[in-house]
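Undergrad:
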Amino acid sequence: MIYLAAIVILFAVIQFFTAWVNFIFRQTPRVKKRFPELLVSVLIPARNEEKNIGFLLTDLMNQEYKNLEILVFDDLSEDRTAEVVNEFCARDSRIRLLQSQGLPEGWMGKNYACHTLANKARGDYFLFVDADVSLQQTIIKDTLNTMQRHKLGLLSLFPIQIMKSFGERITVPVMNYILLSLLPLIFVRVSPFTSHSAANGQFMLFEAEKYRRHLPHQRFKESAVEDIRISRYYKKTGLRTACIAADRNLSCHMYEGYRDSVNGFTKNMLMFFGNSAVVTLIFWLITTLGFIPVAVAGGNMVFWYLALLAMSRVMISDSSHQNVFLNIVLMPVHHIIMGVIIYRAIKLKHRKDDYQWKGRKLV
Numbered sequence: 000m001i002y003l004a005a006i007v008i009l010f011a012v013i014q015f016f017t018a019w020v021n022f023i024f025r026q027t028p029r030v031k032k033r034f035p036e037l038l039v040s041v042l043i044p045a046r047n048e049e050k051n052i053g054f055l056l057t058d059l060m061n062q063e064y065k066n067l068e069i070l071v072f073d074d075l076s077e078d079r080t081a082e083v084v085n086e087f088c089a090r091d092s093r094i095r096l097l098q099s100q101g102l103p104e105g106w107m108g109k110n111y112a113c114h115t116l117a118n119k120a121r122g123d124y125f126l127f128v129d130a131d132v133s134l135q136q137t138i139i140k141d142t143l144n145t146m147q148r149h150k151l152g153l154l155s156l157f158p159i160q161i162m163k164s165f166g167e168r169i170t171v172p173v174m175n176y177i178l179l180s181l182l183p184l185i186f187v188r189v190s191p192f193t194s195h196s197a198a199n200g201q202f203m204l205f206e207a208e209k210y211r212r213h214l215p216h217q218r219f220k221e222s223a224v225e226d227i228r229i230s231r232y233y234k235k236t237g238l239r240t241a242c243i244a245a246d247r248n249l250s251c252h253m254y255e256g257y258r259d260s261v262n263g264f265t266k267n268m269l270m271f272f273g274n275s276a277v278v279t280l281i282f283w284l285i286t287t288l289g290f291i292p293v294a295v296a297g298g299n300m301v302f303w304y305l306a307l308l309a310m311s312r313v314m315i316s317d318s319s320h321q322n323v324f325l326n327i328v329l330m331p332v333h334h335i336i337m338g339v340i341i342y343r344a345i346k347l348k349h350r351k352d353d354y355q356w357k358g359r360k361l362v
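Position 129 of the sequence shown, counting from 1, maps to 128 under numbering that gives the first Met the number 0, and the rest follow consecutively.
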């Protein structure tokens, strides 16, 4: 049992140092040098987003960076999404609405929307954003500067996640915990290994010439986790990428309630672990039940183990701009919910016909 306890503590140490790296070396896009104001195409796939799309378009109209074209792809919405966008088109000539003519066989809806948007875009850079994100006035200027300064082919940001219900507070922090305890985000930019890849489809900024050459959304047209696969593909082909946990210039209320959050994270969970159900289960067992062999081993191990867990959660919560105290109190609940999501993800892997997202079955 002592050896098992040692393995558990060693893994906790690795997670602690990963969280520490993400805490200390937080990368914040800021303008430090003036670059030419090239055209940025802001590309928005939208399906049933009448509640959100107006707020996003308002944020885009208020950006300090003005050289924009804004294209919205209405993906057969069943609400007033198109009507809301048309109202904004009348107010700002930079905004255009594209209407879907149907989803071709073999495509995920969002991937087809992004691919179609890119085909219609004229910009030097393509910024794909989800309709439910909130953008502060400097975000495009700052991230474009980061792209140009580091000569990136892809820059992706993880927004601050807005949580309004208790169901969201017991689910959403799970993803931040996994990401920031396993991957030092600075490695996405400086490491050549594809295992050090990450991206978030809520905010992905591409250099347009490289995008047109590789057509990443078409390449992974059938994937429900196209953001991660695109990041790995870019790194594999030698293109420079970066991934940053955003500060308060980018936020998102991604899911509404417990059920919506669990459904959303189910389709992404296994990709954090190379799409391996075995590796995912091992991670959950070590991080959730690891206290058992540590407690049996006795001595000071329990104290140091709990201290490592608590300090890791403090740094991860702070890096994610989440409530530190609440995340520590809810740690046991988070791990139970993680187990539920993992179970559903493994089931989904073998029975994709059971899963729907925004009214569509997963292909």
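Built from N, CA and C at the ideal position, the CB exists for glycine as well.
A quick note: this is a predicted structure, and the numbers were derived from the prediction, not measured.
So, isoleucine 336 versus valine 173, is the Cβ gap smaller than 7 Å?
TA: Contact: yes.
Undergrad: Which same chain residues, not among the five before or five after tyrosine 210, have their C-beta less than 7 Å away from its C-beta?
TA: The answer, listed in chain order, is Ala117, Phe125.
Undergrad: If I measure Cβ to Cβ from leucine 96 and keep anything under 7 Å in the same chain, skipping five residues before and after, which residues do I get?
TA: The answer, listed in chain order, is Val71, Asp73, Ala81, Val84, Asn85, Cys88.
Undergrad: Just the C-alpha distance for asparagine 61 and arginine 46, rounded to the nearest angstrom, thanks.
TA: Distance between the alpha carbons of asparagine 61 and arginine 46: 23 Å.
Undergrad: Residues in the same chain with beta-carbon distance under 7 Å from alanine 306, minus the five sequence neighbours each way, listed in chain order, please.
TA: Hits under 7 Å: none found.
Undergrad: Use the C-beta contact count for phenylalanine 302: other C-beta atoms within 10 angstroms, 16 or more gives buried, fewer gives exposed.
TA: Phenylalanine 302 is exposed by the Cβ-count criterion.
Undergrad: Between the region 179-198 and the region 97-104, can you find at least three pairs of beta-carbon atoms closer than 8 Å?
TA: As far as the Cβ criterion goes, the region 97-104 does not touch the region 179-198, which means the pair count is below three.
Undergrad: In chain order, what residues of the same chain lie with their CB nearer than 7 Å to the CB of histidine 252, ignoring the 5 residues before and after it?
TA: Asp131, Ile161, Lys163.
Undergrad: Quick one, which of Ile1, Ser260, Leu204 has its alpha-carbon nearest valine 128's?
TA: Looking at the Cα atoms, Leu204 is the closest of the given residues.
Undergrad: Evaluate tyrosine 233 with the Cβ neighbour count: other Cβ atoms within 10 Å of its Cβ, from every protein chain shown; 16 or more gives buried, anything less gives exposed.
TA: Buried, because 16 or more other Cβ atoms sit within 10 Å of the Cβ of tyrosine 233.
Undergrad: Would you tell me roughly how many angstroms separate the C-alpha atoms of valine 362 and glutamate 221, rounded to the nearest one?
TA: Residue confidence for valine 362 is low, a pLDDT of 47 falling below 50, so the modelled location carries little weight; the figure read from the coordinates is stated next. Distance between the alpha carbons of valine 362 and glutamate 221: 7 Å.
Undergrad: Between the region 37-53 and the region 212-231, are three or more C-beta pairs nearer than 8 Å?
TA: No: fewer than three Cβ pairs fall under 8 Å.
Undergrad: Please classify arginine 231 as buried or exposed, where buried requires at least 16 neighbouring CB atoms within 10 angstroms.
TA: Counting Cβ neighbours within 10 Å, arginine 231 comes out buried, since at least 16 surround it.
Undergrad: Where in the region 109-173 do unbroken runs of the beta strand (DSSP E), each at least 3 residues long, occur, reported from the N-terminal end onward?
TA: Whole beta strand (DSSP E) segments, 3+ residues: 124-128, 132-134, 153-157.
Undergrad: Start and end of the alpha helix (DSSP H) containing aspartate 58?
TA: Taken as a continuous stretch (DSSP letters only), the alpha helix (DSSP H) holding aspartate 58 covers 52-60.
Undergrad: Give the C-beta separation of leucine 153 and alanine 244 to the nearest angstrom, bearing in mind that I take them to be a contact with Cβ-Cβ under 8 Å.
TA: About 16 Å; that fails the 8 Å criterion.
Undergrad: Under the rule that 16 or more other beta-carbon atoms within 10 Å means buried, what is valine 41, buried or exposed?
TA: That one is buried.
Undergrad: Tell me the rounded alpha-carbon separation between arginine 25 and glutamate 225.
TA: Computed Cα separation, rounded: 25 Å.
Undergrad: Among Phe157, Gln147, Ile69, which residue has its Cα nearest to the Cα of tryptophan 246?
TA: At residue 246 the sequence reads aspartate, which differs from the tryptophan that was named. Of the candidates Phe157, Gln147, Ile69, the one whose C-alpha sits nearest the C-alpha of aspartate 246 is Phe157.
Undergrad: Which class does glutamine 14 belong to by DSSP, given the choice of helix, strand or coil?
TA: In the structure shown, glutamine 14 sits in a helix (DSSP, three-state: H, G or I).
Undergrad: Would you mind listing the beta strand (DSSP E) stretches within the region 61-112 that are 3+ residues and don't spill past its ends, in chain order?
TA: Listed in chain order, they are 67-73, 94-98.
Undergrad: In whole angstroms, what is the alpha-carbon distance linking arginine 168 and valine 328?
TA: Roughly 11 Å separates the two Cα atoms.
Undergrad: Distance check for cysteine 113 and tryptophan 106, CA to CA, integer angstroms please.
TA: Taking the straight line joining both Cα atoms gives about 11 Å.
Undergrad: Based on the DSSP output, what are the partners of alanine 344 in its beta bridges?
TA: Alanine 344 pairs with nothing; no bridge assigned.
Undergrad: Going by DSSP, which residues form a beta bridge with isoleucine 243?
TA: Note: isoleucine 243 sits in a beta bridge opposite Leu156.
Undergrad: Do valine 171 and alanine 242 come within 7 Å of each other at the CB atom, strictly closer than that value?
TA: The sequence as given places cysteine at residue 242; alanine does not occur at that position. For cysteine 242 and valine 171, no; Cβs fall outside 7 Å.
Undergrad: Taking asparagine 199 and serine 155 to be in contact with their CB atoms under 8 Å, please state how far apart those CB atoms are, rounded to whole angstroms.
TA: Correct: roughly 5 Å between the Cβ atoms.
Undergrad: Residue range of the beta strand (DSSP E) that methionine 314 falls in?
TA: Premise fails: methionine 314 lies in the alpha helix (DSSP H), 300-318, not in any beta strand (DSSP E).
Undergrad: If you reduce the DSSP assignment to three classes, tell me which class valine 362 lands in.
TA: With a pLDDT of only 47 at valine 362, under the threshold of 50, the placement of this residue in the model should not be trusted, and no figure is reported.
Undergrad: Going along the chain, which residues of its own chain have a beta-carbon closer than 7 Å to the beta-carbon of lysine 348, five neighbours each way excluded?
TA: So the qualifying residues of the chain are Leu269, Ala276.
Undergrad: Rounded to whole angstroms, what's the CA-CA distance from leucine 38 to serine 196? Just pull it up for me.
TA: Roughly 27 Å separates the two Cα atoms.
Undergrad: Could you give the uninterrupted runs of the alpha helix (DSSP H) lying entirely in the region 171-197, keeping only those of 4 residues or more?
TA: Within the region 171-197, the complete alpha helix (DSSP H) runs of at least 4 residues are 171-181, 185-189.
Undergrad: Just curious, the beta strand (DSSP E) that glutamate 36 is in, first and last residue?
TA: Per DSSP, glutamate 36 belongs to no beta strand (DSSP E) and is neither H nor E.
Undergrad: In the structure shown, what three-state DSSP assignment does isoleucine 1 receive?
TA: Of the three classes helix, strand and coil, the one that applies to isoleucine 1 here is helix, per DSSP.
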